[in-house]
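Each residue of the sequence shown is one higher than the one before, starting from 1 at the first, in this note's numbering. For glycine and all other residues, C-beta sits at the position ideal for the given N, C-alpha and C. Below: the structure, in structure tokens.
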Amino acid sequence: MGLLVEQYKEEGGKILGKLEQRHENERVAVVDALDQKRAEMVSIYSDARELVMDTVKDLKENSAAQFERGWRKRQDAIRDEISESRKVSEL
């Protein structure tokens, strides 16, 4: 009877050892996968941040350029109107 109990203990210990090893391997695999995903996300967020910053910069530049073009057109129109008024008043 003692031999049977000893054999069960040994087999149980082997089974537990295998389960512990499998668990450790799975844990390492999960941690590695999470680290890889985190690195991917950091890279993606970094690229997205650069894209957003470039877009904001472009919008600021284009917005100012459009405003300046409109302002220059209005100034030209005002100058033309003043010039026409002077011609009419000179007559």
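When only Cα atoms are considered, L51 and I78 end up about 40 angstroms apart.
Rounded to whole angstroms, K60 and Q66 show a C-alpha spacing of 10 angstroms. The three-state secondary structure of M1, taken from DSSP, is coil. Counting only the Cα atoms, R38 lies some 48 angstroms from V5.
Note on the segment 5-83: there is no whole beta strand (DSSP E) run with a minimum of 3 residues.
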